[in-house]
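J.:
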Amino acid sequence: MGFTTKIIKNRHFVLTLIQDGANDKLLKEQVRFITAQTKAIRPFAELADASKLHDLSGFTELGTIAAGAIEFERKPYKQDKLAILVANDKAYRLASCYRVTSLYYRHDVKIFRDFRQAIEWLGVADLENEINDLRKE
Numbered sequence: 002m003g004f005t006t007k008i009i010k011n012r013h014f015v016l017t018l019i020q021d022g023a024n025d026k027l028l029k030e031q032v033r034f035i036t037a038q039t040k041a042i043r044p045f046a047e048l049a050d051a052s053k054l055h056d057l058s059g060f061t062e063l064g065t066i067a068a069g070a071i072e073f074e075r076k077p078y079k080q081d082k083l084a085i086l087v088a089n090d091k092a093y094r095l096a097s098c099y100r101v102t103s104l105y106y107r108h109d110v111k112i113f114r115d116f117r118q119a120i121e122w123l124g125v126a127d128l129e130n131e132i133n134d135l136r137k138e
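The sequence shown begins at 2 in our numbering and counts up by one.
Written as structure tokens, this is what we have:
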């Protein structure tokens with residue numbers, strides 16, 4: 002599986018679903034894909050939902066940091082918010098590696114274990130039902 006992206010353009014919102022089968026290489030490709038897909042959406046809020054990711058064997062801390070550094074391709078910098086939703090401690094550690102690097106290029110990046118808190122922080126809580134439907138597809 003890997004990554005699935007859903008965009009609600011009129012709300013400047015991106016949902017990235019991260020599933021088993023994802024790895025460092027696919028993460029780098031995903032960062033470039035999101036950068037290309039969101040050029041006309043400024044600023045935007047993104048929820049990277051890794052809550053269903055159970056197999057983290059394809060990820061390394063170094064690879065995750067390198068993927069975060071690809072955010073430099075995003076211009077202009079410092080406009081976009083990213084919430085990373087995780088379900089376990091190992092995913093939290095990897096998300097922290099990404100966060101530290103991508104903060105140089107994003108307005109703000111936070112890691113959550115609670116879906117509702119993540120969408121409230123992103124300012125899209127009114128889209129909860131629509132986002133949940135997208136998460137189930």
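Backbone N, C-alpha and C fix where the C-beta goes; we use that ideal spot for every residue, glycine too. The model shown is predicted, which means the values in this text are computed figures rather than measured ones.
Check the C-beta distance from A126 over to I85 and give it rounded, since I have them as a contact under 8 Å.
T.: Here residue 126 is taken as the residue at index 125 of the sequence shown, counted from 1. Here residue 85 is taken as the residue at index 84 of the sequence shown, counted from 1. With 8 Å as the limit, A126 and I85 do not qualify as a contact, their Cβ atoms being about 17 Å apart.
J.: Tell me the rounded alpha-carbon separation between F4 and I132.
T.: The count along the sequence shown starts at 1 and reaches residue 4 at position 3. The count along the sequence shown starts at 1 and reaches residue 132 at position 131. The straight-line gap from Cα to Cα measures roughly 16 Å.
J.: Rounding to the nearest angstrom, what Cα-Cα distance links I112 and Y93 in this structure?
T.: Counting from 1 along the sequence shown, the entry for residue 112 is found at position 111. Counting from 1 along the sequence shown, the entry for residue 93 is found at position 92. For I112 and Y93, the distance between alpha carbons rounds to 7 Å.
J.: Taking a contact to mean a Cβ-Cβ separation below 8 Å, would you say T17 touches I35 in this structure?
T.: Your numbering for residue 17 matches position 16 in the sequence shown. Your numbering for residue 35 matches position 34 in the sequence shown. Yes, they are a contact pair.
J.: Smallest Cα separation from V101: which of T65, K10 and Q31?
T.: Translated into the one-based positions of the sequence shown, residue 101 becomes position 100. If we check each option's Cα against that of V101, T65 comes out closest.
J.: Roughly how many whole angstroms lie between the Cα atoms of L95 and L128?
T.: Mapped onto the sequence shown, residue 95 falls at position 94. Mapped onto the sequence shown, residue 128 falls at position 127. Going by the C-alpha atoms only, they are around 27 Å apart.
J.: Which whole-angstrom value describes the C-beta separation of A46 and K82, a residue pair presumed to lie in contact below a C-beta threshold of 8 Å?
T.: Working through the sequence shown from its first residue, we reach residue 46 at position 45. Working through the sequence shown from its first residue, we reach residue 82 at position 81. That pair is a contact at about 5 Å.
J.: Just reading off the beta strand (DSSP E) that L18 is part of, what are its end residues?
T.: Along the sequence shown, read from residue 1 onward, the residue named residue 18 stands at position 17. Counting along the chain, the beta strand (DSSP E) containing L18 begins and ends at F14 to I19.
J.: Per DSSP, which one or two residues make a beta bridge with A49?
T.: Reading the sequence shown from its first residue, position 48 is the one you call residue 49. T17 and I85, per the DSSP bridge assignment.
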